[in-house]
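Engineer: Next up is a structure, given as structure tokens.
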Amino acid sequence: LISNKTFNEQTFLIYLYSIINRNNIRYVTIQLDNCSRNFLLNLIENFSNLYSLIISTYQSWSKLIRLSSYISKSNIRSLIVYELFVDFHQYDYIYELFNQLEIISINITSIEDCYRLLTVLFIGNKKKQIENLRSLIIKCDFHEPDAIANWIRSNVLRNLSYKCTTNTLIIWL
């Protein structure tokens, strides 16, 4: 779904659902200048077999975090978001959103945010840790890739493999 113009979401959804079989959709890419939370919710609820969601739209993360309870009940296991992730304060919602995902690709602004994200995902708190994640790609400007690798070795107790370059950290299990 790609658009750089304002459109009537409900009309578009009616048209979309009339030309495709919703049960056969497994992968969706959304590139919209803006779409509402209700538009995303409608797609998530109506594409019952949706496995992978790639999204690039205004305030993607805030919408996805607010939809975390719906996403956690869906079949979505892969999430790629091109907008910067900056809100680390809603741990319970982040946990709910990320916990069922197996594949995440995320953009962040700084090495400090990378440490925060890794702490949320892999260290968590005493009650909650992200368990299902199998692949994580973090895009950031890593001036010293060895520093992040050392931090992972020292702080993350899970067995995982990783590769860090100057602009991408890839973690897999």
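Quick note on numbering: this note's numbering labels position 158 of the sequence shown as 144, and the sequence is numbered without any gaps. Where is the CB? At the ideal position from N, CA and C, for every residue including glycine.
1. Considering only the alpha carbon of each residue, which of Ile16, Trp137, Leu53, Ile5 lies closest to Tyr68?
2. Report the residue from Ser34, Asn32, Asn24, Phe33 whose alpha carbon sits nearest the alpha carbon of Ile51.
3. With a cut-off of 8 angstroms on the beta carbons, I'd call Leu29 and Ile62 a contact; round off their distance for me.
4. What do you get for Lys149, buried or exposed, if any count of 16 or more other CB atoms within 10 angstroms of its CB means buried?
5. Going by the beta-carbon positions, is the gap between Ser54 and Leu36 smaller than 7 angstroms?
6. Note down, in chain order, each residue of its chain lying with its Cβ closer than 7 angstroms to the Cβ of Cys21, except the 5 sequence neighbours on either side.
7. Buried or exposed for Trp47, going by 16 or more other Cβ atoms inside 10 Å?
8. Between which residues of its own chain and Glu88 is the CB-CB distance below 6 angstroms, once the five residues before and five after are set aside?
9. Relative to the C-alpha of Phe108, which candidate in Trp158, Leu18, Ile57 has its C-alpha closest?
10. Within 10 angstroms of its Cβ, does Ile0 collect 16 or more other Cβ (buried), or is it exposed?
11. Am I right that Ile124 and Leu146 are in contact with their C-beta atoms under 8 angstroms? What's the rounded C-beta distance?
12. Applying the criterion that 16 or more other CB atoms from any shown protein chain within 10 Å of the CB defines a buried residue, is Tyr81 buried or exposed?
13. Look at the alpha carbon of Ile138 and the alpha carbon of Cys126, and state the distance between them as a whole number of angstroms.
14. Count the other C-beta atoms from every protein chain shown that fall within 10 angstroms of the C-beta of Phe74, then say buried if there are 16 or more, exposed otherwise.
15. Does Val142 come out as helix, strand or coil in the three-state DSSP assignment?
16. Per DSSP, what kind of secondary structure is Val72 in: helix, strand or coil?
Structural biologist: So, to answer that:
1. In the sequence shown, residue 68 corresponds to position 82, counting from 1. Checked all of Ile16, Trp137, Leu53, Ile5; the closest Cα to Tyr68 is Ile16.
2. Taking the first residue of the sequence shown as position 1, residue 51 is located at position 65. Nearest in C-alpha terms to Ile51, of all of Ser34, Asn32, Asn24, Phe33, is Asn24.
3. As a first step, residue 29 must be located in the sequence shown, where it is residue number 43. As a first step, residue 62 must be located in the sequence shown, where it is residue number 76. Contact flag wrong, Cβ pair sits at about 10 angstroms.
4. The count along the sequence shown starts at 1 and reaches residue 149 at position 163. That one is exposed.
5. Counting from 1 along the sequence shown, the entry for residue 54 is found at position 68. Counting from 1 along the sequence shown, the entry for residue 36 is found at position 50. Not in contact: Ser54 and Leu36 (Cβ atoms no closer than 7 angstroms).
6. On the sequence shown, position 35 is the one that residue 21 refers to. For Cys21, where only same-chain residues beyond five positions count, the Cβ hits under 7 angstroms are Glu(-5), Thr43.
7. Position 61 of the sequence shown, counted from the start, is the residue given in the question as residue 47. So Trp47 counts as buried.
8. Locating residue 88 in the sequence shown gives position 102, counting from the first residue. Result list for Glu88: Arg63, Asn118, Arg120, in chain order.
9. Residue 108 sits at position 122 when you count from the first residue of the sequence shown. For Phe108, the closest alpha carbon among the candidates Trp158, Leu18, Ile57 is that of Trp158.
10. Here residue 0 is taken as the residue at index 14 of the sequence shown, counted from 1. So Ile0 counts as exposed.
11. The residue labelled residue 124 in the question sits at position 138 within the sequence shown. The residue labelled residue 146 in the question sits at position 160 within the sequence shown. Rounded, the Cβ-Cβ distance is 13 angstroms, inconsistent with contact.
12. One-based indexing of the sequence shown puts residue 81 at position 95. Buried, because 16 or more other Cβ atoms sit within 10 Å of the Cβ of Tyr81.
13. Along the sequence shown, read from residue 1 onward, the residue named residue 138 stands at position 152. Along the sequence shown, read from residue 1 onward, the residue named residue 126 stands at position 140. Ile138 and Cys126 have their C-alpha atoms some 16 angstroms from each other.
14. Counting from 1 along the sequence shown, the entry for residue 74 is found at position 88. Flag for Phe74 reads exposed.
15. Here residue 142 refers to the residue found at position 156 of the sequence shown. Secondary structure of Val142 (DSSP, three-state): coil.
16. Position 86 of the sequence shown holds residue 72. The answer is coil: DSSP assigns Val72 none of H, G, I, E or B.
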